[in-house]
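These notes are about the structure you will find just below.
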Amino acid sequence: MIFVGRRLPSDEVDAVLDNPEAIDALLYGDGPGQIDLDKSWHGIHFLLTGTTWDITEGAGSAVLGGTVVGDDNGAGPPRLLRPTEVQAVAAALAPITSGTLRARWDPAALSEAEIYPDAWDATDFDSYLEPNFTILRAFYESAAAENQAVLIAIT
């Protein structure tokens, strides 16, 4: 399972909601405003929230939040965060540093909580989670700066 997302101009939100069949083309197409966190998504969510699946406002919505749109693609349906939600996520992610997440990093805790892909070792924070968190934070920062919505999915 991998995390993919796309930034959407706010004027495209209604078109996406009116035509859920277009969601796959948006999520899996190439182009600017795309993000692919590979399998790091669940580890990032756990470090942000301290939970396996709970969704909280702000940073806790970055990976699993939003309103369900479209059909279940096998790993859950895509979700949409409207521009106001994107701004809240971006604002909550902004002060979170690598040091903040490193203080929460415990490979044994991730394995015990069955955080996907459930094969964590001591090097994964520096080589995998931290770089992908930085990408996620920049993705939301750019979307918020442009008053965009975000479409996300775990596939």
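Numbering (full-length UniProt numbering), first residue to last: 1 to 155. Heads up, the beta-carbon is just placed ideally off N, CA and C, and yes, glycines get one too. No experiment lies behind these values; they were computed from the predicted model shown.
Run of the beta strand (DSSP E) containing residue i, from where it starts to where it stops
i	result
Thr129	Sequence inspection shows Leu at residue 129; the Thr mentioned does not correspond to that position. No beta strand (DSSP E) holds Leu129; DSSP gives it neither H nor E.
Gly99	That residue, Gly99, is in no beta strand (DSSP E); its alpha helix (DSSP H) goes 98-104.
Val4	3-9
Ile154	148-154
Close-in-space but distant-in-sequence residues of the same chain around residue i (CB under 7 Å, 5 per side omitted)
i	result
Phe133	Ile44, Leu101
Leu27	Val4, Arg6, Pro78, Leu151, Ala153
Asp118	Ser111
Asn147	Ser10, Pro83
Element boundaries [alpha helix (DSSP H), containing residue i]
i	result
Val89	83-93
Ile44	41-49
Asp18	13-18
Ala75	Where Ala75 is concerned, there is no enclosing alpha helix (DSSP H), given that its DSSP letter is neither H nor E.
Ala113	Here Ala113 belongs to no alpha helix (DSSP H), and DSSP marks it neither H nor E.
DSSP-derived helix/strand/coil call for residue i
i	result
Val68	strand
Val63	coil
Asp24	helix
Asp30	coil
Ile55	coil
residue 168	This structure cannot settle anything about residue 168, because the visible part of the chain is limited to 1 through 155.
Other residues of its chain near residue i: CB distance less than 8 Å, five sequence neighbours each side excluded
i	result
Leu136	Ile35, Leu37, Ile44, Ala62, Val63, Leu93
Leu47	Leu101, Arg104, Trp105, Leu129, Phe133
Glu141	Ala90, Leu93, Ala94
Glu12	Ala149
Same chain only: Cβ atoms within 6 Å of residue i, ignoring 5 sequence neighbours per side
i	result
residue 179	The chain is shown from 1 up to 155; residue 179 falls before or after that span and cannot be answered.
Ile23	Gly70, Pro78
residue 156	This structure cannot settle anything about residue 156, because the visible part of the chain is limited to 1 through 155.
- Message: Would you call the stretch 134-154 in contact with the stretch 70-83, where contact means no fewer than 3 C-beta pairs closer than 8 Å?
- Response: At 8 Å Cβ cutoff, the stretches touch.
Touch test, the stretch 82-97 against the stretch 32-39, Cβ-Cβ under 8 Å, three pairs minimum
Put simply, the stretch 82-97 does not touch the stretch 32-39. Fewer than three CB pairs are less than 8 Å apart.
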